[in-house]
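Chemist: I have a structure here, written as structure tokens, and I will follow up with some questions on it.
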Amino acid sequence: MKITLIRITFFIALFSIWYLIVKLGQIPSYILPSPISVFESFYFGFIKGGYTIAIFSSLLRVLIGYFLALGIGVITGILLARYYLLDITFGRTILALQSIPSVAWVPLALLWFGITDSAVIFIIILEAVLPVALSTKNAMKNIPPNLIRAAQTLGSKGLHLYQNVIIKAMIPELVTGLRLSWAFAWRALIAGELFISGSGIGQTLELGRSLADMAQVIAMITTIGFIGFLTENIFFGTIERKVRLAWGLQ
Amino acid sequence: MINPKIKFTNVSQSFNGISKNETILQDLNFEIFAEEFVCILGPSGSGKTTILGLVAGFIKPSSGNILFNSKKINRPDSTRTLVFQEYALFPWLNILDNVAFGLTTKKHKNNHVKEIALEYLNMVGLAAYKDYSVSQLSGGMKQRVAIARALAVDPEALLLDEPFGALDQQTRENMQVELTRLMTKTKKTVLFVTHSVDEALKLADRILVIGGKPGKLLFDTTITVSKPRDLNNNQLVSIRNKILDKLSQPDLFMGSDI
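In order, the protein sequence lines correspond to chains A and B.
Using my numbering, the letters of the first sequence map in sequence onto residues 1 to 250.
Using my numbering, the letters of the second sequence map in sequence onto residues 251 to 508.
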């Protein structure tokens, strides 16, 4: 309770100082609008419907890209764990690809797919595949061999061994990979949306820039941060913590 | 003529080491009979764990053969259950579900899995901890759970790989008493690996001394002293001396590059 109060006080102070700086410094609105303007942007944005549709469109894109990336990533991870030659070649490449920021893929995606949804989803898949493939591979390779032997000596084999031991032993590391993949996907989404047409948070952000509507820009940045925080930290973070607890902080 | 439960014939075990072939065990020949409590005793690295791995079915002998109930061992199964030195309990299951694990396979599945598991947990005195998670238990308790889990599938042979090695002296002594008590209740063939001569003298009906590089069978002796045993007993003292004598022979390490 006390922490929440401290946080609320912090934000009230922040907004007050912001308001005062803008009012007293007479700062032009395209540099820094007053917090009131940002609230207005949100209000009208949701009432007139633009923001709601934008958020839905963005979420749809990122979910499609994310789940496709999961499917491809898990299969890739299993193959990398299984085949050494694949791991030292393709696996090494994947590791290097992780260092490329999403925005670097935009030109390639635009040339291949035009300024369409497909371009963004392509970038999302490209980015989100990497963490889940690597964590699937590592999860498979890091299963303590004595856990498998313990199961076998108790009579477990085949499907029973897979379902009850192998997959269970992999879950904590997999969950971390799922969280990281989501984070990559969310960032790739915004990077891509800045350049394509249609509705979405990134497009609305870019529209704000082109209209010199800083209030809209700030509103969109806040939205991106808020949804990112809810999903990465609250949703995935809680799941990850609970899994690690249930597995004995493995 | 009773057939032995476990029979090793000319068993040797090598594997591809760092630079060349390493022979861990050489020309092992012995027979173990039903319900014998056998200690495999030897210094660290003498291949004792490998012997258990061969009986459990995790590895196949490089040469020779191993028979269980007069049949070749093909793969691990619940007739020969191994208890590991590091417990190897499943961290995502609570204590009761760990003990019940072996009963969830097709072979054992029935409607009373949890009740049976609770019985075995009770046998090791931990019924009150059935809902606990593995991380909440001490080393000694974890090992008791591991033993209960192994016994729950009612194996014919119980294999224990230095099960009390990671425990402190006091706990180890308590566990030795526990195990002896359990084994008089549920008659099984037991293979107990240890590097402690005293532990072997306390627990075993029969001691197989393995030593040297590569590991060979140095000594095979039966103990007829009734339990619980006093280590000052004459027969035990004389056996101890013979064992220590065998293990300190100078030509033990010929054939290796030590």
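Every residue, glycine too, gets a C-beta built ideally from N, C-alpha and C.
All values derive from a computational prediction rather than experimental measurement.
Give every residue of the same chain whose Cβ lies closer than 8 Å to the Cβ of B/I508, excluding the five residues on either side of it in the sequence, and list them in chain order.
Modeler: Low confidence applies here, because B/I508 scores a pLDDT of 41, under 50, leaving its location unreliable and the question unanswered by this model.
Chemist: Determine whether the beta carbon atoms of B/V459 and B/G292 lie at a separation below 8 Å.
Modeler: Yes, the pair counts as a contact, with Cβ atoms nearer than the cut-off.
Chemist: Nearest-angstrom Cα distance between A/T223 and A/S102?
Modeler: Going from the Cα of A/T223 to the Cα of A/S102 covers about 19 Å.
Chemist: Please check the pair A/P28 and A/F15, which I expect to be a contact at CB under 8 Å, by giving their CB distance rounded to whole angstroms.
Modeler: Their Cβ separation, rounded to whole angstroms, is 20 Å, which puts A/P28 and A/F15 out of contact at 8 Å.
Chemist: Determine the DSSP secondary structure at B/K435, reduced to helix, strand or coil.
Modeler: Helix at B/K435.
Chemist: Roughly how many angstroms lie between the CA atoms of B/I256 and B/Y370, to the nearest whole one?
Modeler: C-alpha separation (whole angstroms): 26 Å.
Chemist: Taking the alpha-carbon positions, what's the B/N491 to B/S498 distance?
Modeler: The straight-line gap from Cα to Cα measures roughly 11 Å.
Chemist: On a CA-only basis, which of B/H445, B/D455, B/V475 and B/K496 is nearest B/T299? Give me that one, please.
Modeler: Checking every option, the nearest Cα to that of B/T299 belongs to B/H445.
Chemist: Could you tell me if A/W247 is buried or exposed, where buried requires 16 or more neighbouring beta carbons within 10 angstroms of its beta carbon?
Modeler: Label assigned to A/W247: buried.
Chemist: Are B/V363 and B/L376 close, meaning C-beta to C-beta below 8 Å?
Modeler: It is not a contact, given that the beta carbons lie outside the stated cut-off.
Chemist: Just mark A/F11 as buried or exposed, buried being the case when its beta carbon has 16 or more other beta carbons within 10 Å.
Modeler: By the 10 Å Cβ count, A/F11 comes out exposed.
Chemist: Alpha helix (DSSP H) containing A/V243: first to last residue?
Modeler: A/V243 -> alpha helix (DSSP H) spans G237 to A246.
Chemist: Using only alpha-carbon positions, find the residue among A/K23, A/T136 and A/I53 that is nearest to A/T76.
Modeler: Measuring from the Cα of A/T76, the nearest candidate turns out to be A/T136.
Chemist: Using a Cβ-Cβ cut-off of 8 Å, state whether A/N142 counts as contacting chain B.
Modeler: Not closer than 8 Å to any Cβ of chain B, the Cβ of A/N142 fails to qualify, so no.
Chemist: Closer than 8 Å by beta-carbon distance: list the chain E residues that pair up with A/K168, in chain order.
Modeler: Among the chains of the structure shown, chain E does not appear; the protein chains present are A and B.
Chemist: Residues of chain A with CB closer than 8 Å to the CB of B/L332, please, in chain order.
Modeler: Neighbours of B/L332 on chain A, chain order: R149, A150 and T153.
Chemist: Quick check on B/S506: does DSSP put it in helix, strand or coil?
Modeler: The pLDDT assigned to B/S506 is 45, lower than 50, so where the model puts this residue is not dependable, and the model offers no usable value.
Chemist: Strictly under 8 Å for the Cβ-Cβ distance: is A/N233 near chain B by that measure?
Modeler: It does not; no Cβ of chain B falls within 8 Å.
Chemist: Give me the subset of the stretch 180-191 of chain A whose CB atoms are less than 9 Å from a CB atom of chain B, sorted by chain position.
Modeler: Against chain B - using a Cβ distance shorter than 9 Å - the stretch 180-191 of chain A contributes no residues.
Chemist: Nearest to A/R244 by alpha carbon, out of B/V395, B/L453, B/K270 and B/S383?
Modeler: For A/R244, the nearest C-alpha among the options comes from B/S383.
Chemist: Are the CB atoms of A/V62 and A/I115 within a distance shorter than 8 Å?
Modeler: No, the pair does not count as a contact, with Cβ atoms beyond the cut-off.
Chemist: For B/V305 and B/L451, which I take to be in contact (beta-carbon distance under 8 Å), what is that distance rounded to the nearest angstrom?
Modeler: In fact, because the Cβ distance is near 22 Å, the residues do not count as touching under 8 Å.
Chemist: Contact criterion: CB-CB distance below 8 Å. Does A/W112 meet it with respect to chain B?
Modeler: It does not; no Cβ of chain B falls within 8 Å.
Chemist: In terms of alpha-carbon separation, which member of A/E240, A/Q216, A/I234 and A/T231 lies closest to A/A54?
Modeler: It is A/Q216.
Chemist: In whole angstroms, give me the CA-to-CA distance for B/S264 and B/S488.
Modeler: Each residue's Cα considered, the two are about 34 Å apart.
Chemist: Find the residues of chain B that neighbour A/S156, judging by a C-beta separation of less than 7 Å, and give them in chain order.
Modeler: Going along chain B in sequence order, the residues near A/S156 (Cβ under 7 Å) are T355.
Chemist: Per DSSP, B/E272 forms a beta bridge with which residues?
Modeler: The partner list for B/E272 (beta bridge, DSSP) reads B/F265.
Chemist: Taking only beta-carbon atoms, is B/R399 less than 8 Å away from chain A?
Modeler: Chain A, which has a Cβ nearer than 8 Å to the Cβ of B/R399, makes this yes.
Chemist: Measure from the alpha carbon of A/G202 to the alpha carbon of each residue in A/L59, A/A133 and A/Q163, then state which is nearest.
Modeler: Residue A/L59 is the option with its Cα nearest to A/G202.
Chemist: Express the C-alpha separation of A/N142 and A/L20 in angstroms, rounding to a whole number.
Modeler: About 56 Å.
Chemist: State the start and end residues of the unbroken beta strand (DSSP E) segment that holds B/F469.
Modeler: Element bounds for B/F469: K466 to T472.
Chemist: Any idea if A/P33 is buried or exposed, counting beta-carbon neighbours within 10 angstroms, 16 or more meaning buried?
Modeler: With 16 or more Cβ atoms within 10 Å of its Cβ, A/P33 is classed as buried.
Chemist: Report yes or no: do three or more beta-carbon pairs, one from the stretch 310-324 of chain B and one from the stretch 469-477 of chain B, lie closer than 8 Å?
Modeler: The answer is no - the stretch 469-477 of chain B does not touch the stretch 310-324 of chain B, with fewer than three Cβ pairs under 8 Å.
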